[in-house]
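Enquirer: Chains as they are written, first to last, in our numbering: chain A, 10 to 350; chain B, 10 to 350.
We put the CB at the ideal spot given by N, CA and C, even for glycine.
These numbers come from a predicted model, not from an experiment.
Number of protein chains: 2
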Amino acid sequence: MRFRTLEFTGSTLRLLDQTKLPRTEQFLDCTTVSDVFHAIRSLVVRGAPAIGVAAGYAMVLAAQGADCRSRAGILAALNQAGDYLKSCRPTAVNLAWAIDRMIAVANNSTANNCGELVTLLETEARAIEAEDRTMCEKIGANGEPLIPDGATILTHCNAGALATAGIGTALAVIYAAQAHGKKIRVYADETRPLWQGARLTAWELQQEGIEVTVLCDNAAGSLFAAGKIDAVIVGADRITKNGDVANKIGTYNVAVLAEKHGVPFYVAAPQSTIDQQLISGEQIPIEMRAPEEVIKPGGVIIAAEGTRVYNPAFDVTPNALITAIITDEGLWHGGRWDGRT
Amino acid sequence: MRFRTLEFTGSTLRLLDQTKLPRTEQFLDCTTVSDVFHAIRSLVVRGAPAIGVAAGYAMVLAAQGADCRSRAGILAALNQAGDYLKSCRPTAVNLAWAIDRMIAVANNSTANNCGELVTLLETEARAIEAEDRTMCEKIGANGEPLIPDGATILTHCNAGALATAGIGTALAVIYAAQAHGKKIRVYADETRPLWQGARLTAWELQQEGIEVTVLCDNAAGSLFAAGKIDAVIVGADRITKNGDVANKIGTYNVAVLAEKHGVPFYVAAPQSTIDQQLISGEQIPIEMRAPEEVIKPGGVIIAAEGTRVYNPAFDVTPNALITAIITDEGLWHGGRWDGRT
């Protein structure tokens, strides 16, 4: 990748500010848990895997800023930071997953010394990041054989390098296909309200030399009707045990269109996106976001202040509409969650 | 209605500038054919029926501005103005329909006197406007029985009073239901790229005291999945003989979602929207609009200049997905175009 979504210097988490793309490549330096909380909340860093990696480093910052006189003090600080960070965005399971993993490392260590504990945590956070990169590569490798040469692929939102520490999830499959010499064209749903498709997916595919065409979300139907889409690939923010998928609002619309037109619908996500606590999609908490994202996009007033707005950040696609879930561990076929290949 | 979409003073066509709504209620005065052409092209006035009415008055302005020395001169001016106006927006059939009707009036009259011919044309244009108002009332009356008390209705784009000279087409049904004492709630798709749903439908329903909630187009699926939508009503820009419907881009997506969820999908449009020349939807010319509408919404840059964009203004919903077409002449059931009730 020509760019780096996030980087930890040892005392600072440097984030590529995704709210500023594609206009400018600007970085935000986070030195406290609160900095990271606000960066995640305001979508400076977004995408379930990248949020998990950022949360790991936020826990290092929490330990560095803790009362160092006792092991209990650090553990308390970690628990407090963890609860705080988990409240930041409720849908992505990777956030809680990374935080719990960091806390477990601290709990399971016998380290009493502050510096030792911080070092352990930094090592763990760097491991989460490294695993994330490896995960992306594996998703790309597992998904690539599903994509025919010359395919035109529709994607929604950004499940790319910008959503991970590596080459992405949904877009990893496309990058892997390109690396295998396949010619791939991409249609990118703009993804209202925050335009991650137009702002981020188009930008990163252009950086990597892949032909991309942006469309309004509601124009996807006419592309399917014209037979122009060979496959859909999207990411996931949370997957339940039965294979239902929470992903960016609008994903379900695309899945219904794909089913109607007999087009394969793939979800690409790390194994860590699977929430083993939840049986099916209706149990997934859906984050509702501010009305202004819809009626004051980019500061432009498109409806009167006080207008009622329905603005869920995610929707749920039931497993029956999913051709396969591509994870770093293999392919899972919709509904048959035990059918690993 | 608390507002007036258009008004002809005898020498000026005064248009409520819909590109400025909901921020300000501003009027644009058109005194030449070119003024009206640009007003239609730039969507100051939009909606198939309103475009037809505006085109009728534009033909009056054409006659008023013509070389008055001969009948032939006026007829030539009308034909030239008609060709020019028809090129303005290719999809809405009402535009051509109104122009042809105005030209036929001139052709069929024996008037040699300029003033007499202009008067005839003004009378005809006013008749088109009056018929449009009556048409709206009839659509409302014909559609109202389909809407249960307490219904929650999804609509897309603006097929309201702002799209006609009267109370609208799709929204006429809602206004008629309200007038019958029914409690109706409306979800309005924002309707990218130009936000007619957020800017216009929400505004006019608020003016008329009807509860309306705005959503991004891609959030509609989750409303259907949650069982929150009882019916869909949309307008139409052109209907072919077999009952296929061209309407604002995204209409087809909604129709597919409605089918998937067993929700009735109604199209409300005047009889004049039916193009007797076309057998089925694939024959309808679809207007492609500028990339900037998508990637520079409201002046905000959301993708790099030069980014490839797919921006059709309309899509086609096949008759099989349409529960009924509500016209001023009655109800037509999808596919059975001869099944007038």
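Please check if any C-beta of chain B sits within less than 8 Å of the C-beta of residue 275/A.
Expert: The beta-carbon of residue 275/A is placed no less than 8 Å from the nearest beta-carbon of chain B.
Enquirer: Taking C-beta pairs closer than 9 Å, name the residues in chain A that residue 34/B reaches, listed in chain order.
Expert: Here the premise fails: no neighbours, minimum Cβ distance about 12 Å.
Enquirer: Assuming the contact rule is C-beta atoms closer than 8 Å, residue 57/A and residue 259/B should be a hit. Round their C-beta distance to whole Å, please.
Expert: Not confirmed; about 27 Å, so no contact.
Enquirer: What did DSSP end up calling residue 348/A once you bin it into helix, strand or coil?
Expert: At residue 348/A the pLDDT is 39, less than 50, meaning the model places this residue with poor confidence; the figure from the coordinates comes in the next sentence. Of the three classes helix, strand and coil, the one that applies to residue 348/A here is coil, per DSSP.
Enquirer: If you measure beta-carbon to beta-carbon, which residues of the region 302-318 of chain A are closer than 8 Å to chain B?
Expert: 303, 304, 306, 307, 308, 309, 310, 311, 312, 313, 316, 317 and 318
Enquirer: Please state whether DSSP places residue 165/B in a helix, a strand or coil.
Expert: coil
Enquirer: I want to see whether chain D comes within less than 8 Å of residue 272/B, judged by CB atoms only; does it?
Expert: Protein chains A and B are contained in the structure displayed, whereas chain D is not.
Enquirer: Under DSSP, the beta strand (DSSP E) around residue 341/A begins and ends at which residues?
Expert: 339-341
Enquirer: By the DSSP assignment, the beta strand (DSSP E) with residue 334/B in it spans what residues?
Expert: In the DSSP assignment, residue 334/B falls within the beta strand (DSSP E) that extends over 333-336.
Enquirer: Between residue 20/B and the rest of its own chain, which residues show a CB-CB distance below 6 Å, the 5 nearest in sequence each way excluded?
Expert: none
Enquirer: For residue 270/B, I'd like the list of residues in its chain whose CB is within less than 6 Å of its CB, leaving aside the five on either flank, ordered along the chain.
Expert: The answer, listed in chain order, is 233.
Enquirer: Grab the span of the alpha helix (DSSP H) containing residue 137/B for me, first residue to last.
Expert: 123-152
Enquirer: By the DSSP assignment, the alpha helix (DSSP H) with residue 44/A in it spans what residues?
Expert: 42-50
Enquirer: Determine, using beta carbons only, whether residue 221/A comes closer than 8 Å to chain B.
Expert: yes
Enquirer: So, does the region 242-251 of chain A touch the region 277-297 of chain A, judging by three or more C-beta pairs under 8 Å?
Expert: yes
Enquirer: What residue range is occupied by the uninterrupted beta strand (DSSP E) comprising residue 326/B?
Expert: 323-326
Enquirer: Using DSSP with H/G/I as helix, E/B as strand and the rest coil, what is residue 203/B?
Expert: The answer is coil: DSSP assigns residue 203/B none of H, G, I, E or B.
Enquirer: Is it the case that the Cβ atoms of residue 71/B and residue 168/B are separated by a distance below 8 Å?
Expert: no
Enquirer: Mind listing the chain A neighbours of residue 248/B? Cutoff is C-beta to C-beta under 9 Å, in chain order.
Expert: Chain A residues near residue 248/B: none, gap ~17 Å exceeds 9 Å.
Enquirer: Any beta carbon of chain A sitting closer than 8 Å to that of residue 11/B?
Expert: no
Enquirer: Verify whether the separation of the beta carbon atoms of residue 268/B and residue 330/B is less than 8 Å.
Expert: yes
Enquirer: Relative to the C-alpha of residue 41/A, which residue among 53/A, 22/A and 52/A is closest?
Expert: 22/A
Enquirer: For chain A, find out if any of its Cβ atoms is closer than 8 Å to the Cβ of residue 196/B; answer yes or no.
Expert: yes
Enquirer: Residue 252/B CB to nearest chain A CB: under 8 Å?
Expert: no
Enquirer: If residue 172/A and residue 59/A are in contact, beta carbons under 8 Å, what's the gap, nearest whole angstrom?
Expert: 5 Å
Enquirer: Pull up the DSSP beta-bridge partners for residue 78/A, would you.
Expert: Looking at the DSSP output, residue 78/A bridges to nothing.
Enquirer: Out of 338/B, 198/B and 273/B, state which residue places its alpha-carbon closest to the alpha-carbon of residue 156/B.
Expert: Out of 338/B, 198/B and 273/B, 273/B has the C-alpha closest to the C-alpha of residue 156/B.
Enquirer: So, do the region 199-206 of chain B and the region 181-189 of chain B have three or more beta carbon pairs nearer to each other than 8 Å?
Expert: no
Enquirer: What does residue 297/B pair with, by DSSP beta-bridge criteria?
Expert: BP columns for residue 297/B point to 321/B.
Enquirer: If you measure from the beta carbon of residue 262/A to each beta carbon in chain B, is any gap under 8 Å?
Expert: Residue-level contact check: residue 262/A touches chain B, since one or more beta carbons of chain B fall below 8 Å from its beta carbon.
Enquirer: How far does the alpha helix (DSSP H) with residue 108/B in it extend, from its first residue to its last?
Expert: 102-117
Enquirer: Alpha helix (DSSP H) containing residue 233/B: first to last residue?
Expert: 229-234
Enquirer: So which of 74/A, 257/A and 193/A has the shortest CA-CA distance to residue 154/A?
Expert: 193/A
Enquirer: Measuring straight from C-alpha to C-alpha, what distance separates residue 77/A and residue 310/A?
Expert: About 49 Å.
Enquirer: Residue 239/B to residue 26/A, Cα distance in whole Å?
Expert: 42 Å
Enquirer: If distances are taken between C-alpha atoms only, which option among 51/A, 338/A, 319/A and 49/A comes closest to residue 199/B?
Expert: Checking every option, the nearest Cα to that of residue 199/B belongs to 319/A.
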